[in-house]
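These notes are about the structure you will find just below.
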Amino acid sequence: MIIKVQKTFEKRLINAFMRKGNYIKAEKIYLKVVNRLSTIGIKNSYQFIRETLLKMTPIMGVVKKKRGVKELIYPKYLEPEMGEKLAIKWLKKTVAKFKGELLIENIVEEFVKASKDQGEVVKEKWALYKEVRYAISCNTRKGHHKSFVEQKLKATQRRKWY
Numbered sequence: 398m399i400i401k402v403q404k405t406f407e408k409r410l411i412n413a414f415m416r417k418g419n420y421i422k423a424e425k426i427y428l429k430v431v432n433r434l435s436t437i438g439i440k441n442s443y444q445f446i447r448e449t450l451l452k453m454t455p456i457m458g459v460v461k462k463k464r465g466v467k468e469l470i471y472p473k474y475l476e477p478e479m480g481e482k483l484a485i486k487w488l489k490k491t492v493a494k495f496k497g498e499l500l501i502e503n504i505v506e507e508f509v510k511a512s513k514d515q516g517e518v519v520k521e522k523w524a525l526y527k528e529v530r531y532a533i534s535c536n537t538r539k540g541h542h543k544s545f546v547e548q549k550l551k552a553t554q555r556r557k558w559y
């Protein structure tokens with residue numbers, strides 16, 4: 398039996414910023430972001446980062462399955478780790494867009510925007526939810542039977558979210 402060890406939240410975020418195995422540099426980036434948030438006026442910056450990342454994480458996603466020639470899309474509840482992984486991936490993608498400015502300033506700015514439910518990462522999250530709504534509307538059957546989508550959603554119940 399394999400026991401999966403949970404990494405702490407900070408380690409998962411630091412590993413996302415790491416490039417070419419340079420852990421020390423990634424840790425410095427994370428600590429500079431925390432210091433910058435505290436100089437802005439946020440009292441508990443660690444808690445602030447965790448809460449804003451939870452605001453960025455999607456709860457539902459879309460699964461594509463091929464049935465014959467057709468490719469159908471179905472909504473699915475995401476695992477907490479998968480939702481967090483998507484949010485960190487979107488954060489890295491939005492920070493990489495602004496190459497001319499400082500990396501730390503971009504990360505801090507994105508966290509502050511996400512705390513106010515704005516920013517690129519939150520837009521990505523709502524775009525994913527738009528796909529989920531489209532998947533639900535496409536796959537519902539008319540009639541008195543339960544729709545296939547409702548059965549799929551019931552089968553993938555949402556697990557404990559932190």
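Here the sequence shown stands for residues 398 to 559, numbered as in my numbering.
All C-beta atoms, glycine included, are put in the ideal place defined by N, C-alpha and C.
In whole angstroms, what separates the C-alpha of residue i from that of residue j?
i, j, result
"residue 507", "residue 488", "8 Å"
"residue 512", "residue 443", "13 Å"
"residue 416", "residue 426", "12 Å"
"residue 468", "residue 439", "47 Å"
"residue 535", "residue 501", "42 Å"
"residue 531", "residue 472", "9 Å"
"residue 450", "residue 481", "7 Å"
"residue 494", "residue 432", "23 Å"
"residue 405", "residue 463", "37 Å"
"residue 517", "residue 491", "7 Å"
"residue 441", "residue 514", "19 Å"
"residue 533", "residue 448", "29 Å"
"residue 519", "residue 418", "29 Å"
Relative to the alpha-carbon of residue i, which residue among the options has its alpha-carbon at the smallest distance?
i, options, result
"residue 470", "528, 420, 456, 429", "528"
"residue 479", "453, 504, 462", "453"
"residue 434", "514, 504, 526, 464", "504"
"residue 460", "514, 474, 428", "474"
"residue 523", "466, 483, 414, 423", "483"
"residue 420", "430, 408, 429", "408"
"residue 446", "477, 413, 509", "509"
"residue 499", "519, 520, 463, 429", "429"
"residue 414", "405, 485, 437, 462", "485"
"residue 477", "456, 521, 492, 514", "456"
Cβ of residue i within 9 Å of Cβ of residue j?
i, j, result
"residue 465", "residue 525", "no"
"residue 411", "residue 423", "yes"
Would residue i count as contacting chain C if we go by Cβ distances under 9 Å?
i, result
"residue 468", "In the structure shown, chain C cannot be found, because there is only a single protein chain."
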